[in-house]
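If you count the sequence shown from 1, you need to add 84 to reach this note's numbering. Down below is the structure, laid out as C-alpha cells.
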Amino acid sequence: MRIERLVVPAPGRTDFTNNVWLVGDDAEVVVVDAAHDGDAIADAVGDRRVVATLVTHGHWDHVGAAPRLRARTHAPVLLHAADRTLWHESLVDAPDGELTDGLRLAVAGGEVEVRHTPGHTPGSCVVVAWPEGGEGDGEEQRGAARPLAVMTGDTLFHGGPGATRWPYSSFEGIVASIRERLLVLPPETPVHTGHGEDTTIGAEAADVAAWLARGW
C-alpha cells in the first residue's frame with residue numbers, strides 16, 4: 085500500500101489548491117476528496133480500480149469534482165450524512181452512500197478507516213490508512229502494523245485546526261475531535277492535509293495549548 089498526492093488547483097485560481105490523496109497500489113485505490121478537476125484525478129488513477137471516493141467534508145472545494153470523477157471511474161462517492169446540506173450548496177445530484185464512524189474499506193492488502201471528526205463541519209471525517217497486518221480500534225491500534233498515514237481533510241493542518249468561522253462550525257468541537265480521534269495515533273504518524281504541507285501527529289500535539297490560547 086502507498087499514498088500518492090495530487091495537487092489540484094481551483095479553476096482560474098492557481099493560488100488556491102487542494103490535495104487529493106490516492107491510497108492503494110498498482111491495481112486499486114481509494115480516492116480521498118474530489119477537488120476541482122475530476123478528469124485530472126481520473127487520469128492520475130489511470131486504469132486502476134477505484135474502490136470508492138471518500139469525501140472528507142461537504143465544502144465546495146472538496147466535492148466539486150465528484151460527479152465527473154464518478155462518471156470516469158464508476159466508483160461510489162461517500163460523504164457523511166451530516167454534510168449533505170453543504171454538498172447540495174454546490175451540487176444537484178447526491179452522494180452514492182454515507183461515511184460512518186468506524187467504516188473500513190479493504191484496499192491493496194490493507195484497509196482505510198473512517199473517523200468522524202466534527203468541528204470544521206458537522207460531518208467532517210478523517211481517513212486512516214492501515215497497511216496489511218494492522219488496524220485501528222478507538223484509542224488502541226491492534227496488530228503489528230502502525231498506520232501508514234492519516235488524511236485529515238480540513239480538520240487538522242500543519243499549524244493547527246481547520247477554520248471554524250461558520251455558524252455550523254465549532255472550535256471546541258474540532259479541538260475535541262483532534263484530541264480524541266487523531267492525537268491517539270502514534271506521534272510519528274504522517275498527517276496528509278486537505279491543503280498545503282504535511283505534518284505529523286506528534287508535531288501538532290505539542291501545540292494544543294497554543295491553539296487554545298489563541299482560540300483558533
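Idealized CB from N, CA, C, for every residue including glycine.
| What residue ranges within the stretch 159-209 form continuous beta strand (DSSP E) runs of no fewer than 3 residues, ordered along the chain? | 161-164, 181-183, 188-191 and 194-200
| said: On the DSSP letters alone, give me the boundaries of the beta strand (DSSP E) that residue 154 sits inside. | reply: Locating residue 154 in the sequence shown gives position 70, where the first residue counts as 1. Annotation: residue 154 is outside any beta strand (DSSP E); the continuous alpha helix (DSSP H) that includes it extends over 150-157.
| residue 99: buried (16+ other C-beta within 10 angstroms of its C-beta) or exposed? | Position 15 of the sequence shown, counted from the start, is the residue given in the question as residue 99. Classification for residue 99: exposed.
| request: Flag this pair as yes or no: are the beta carbons of residue 109 and residue 213 separated by less than 8 Å? | output: Reading the sequence shown from its first residue, position 25 is the one you call residue 109. Reading the sequence shown from its first residue, position 129 is the one you call residue 213. No.
| Distance, residue 289 Cα to residue 91 Cα | Reading the sequence shown from its first residue, position 7 is the one you call residue 91. Reading the sequence shown from its first residue, position 205 is the one you call residue 289. The straight-line gap from Cα to Cα measures roughly 26 Å.
| said: Could you check whether the stretch 166-185 touches the stretch 146-157, counting it as contact only if at least three pairs of C-beta atoms, one from each stretch, sit closer than 8 Å? | reply: Output reads yes: the stretch 146-157 touches the stretch 166-185.
| field | Residue from 171, 126, 166 and 172 with nearest C-alpha to residue 159 | value | In the sequence shown, the residue the question calls residue 159 occupies position 75. It is 126.
| request: For the beta strand (DSSP E) containing residue 87, list its first residue and its last residue. | output: The count along the sequence shown starts at 1 and reaches residue 87 at position 3. Start and end: 86-94.
| message | In this structure, how does DSSP classify residue 288 when only helix, strand and coil are distinguished? | response | For this step, residue 288 is matched to residue 204 along the sequence shown. Reduced to three states, the DSSP call for residue 288 is helix.
| request: Determine which residues share a DSSP beta bridge with residue 380 and list them. | output: Because the chain here runs from 85 to 300, residue 380 falls outside it and cannot be looked at.
| Exposed unless 16 or more other CB atoms sit within 10 angstroms - verdict on residue 265 | Numbered from 1 along the sequence shown, position 181 holds the residue referred to as residue 265. So residue 265 ends up on the buried side.
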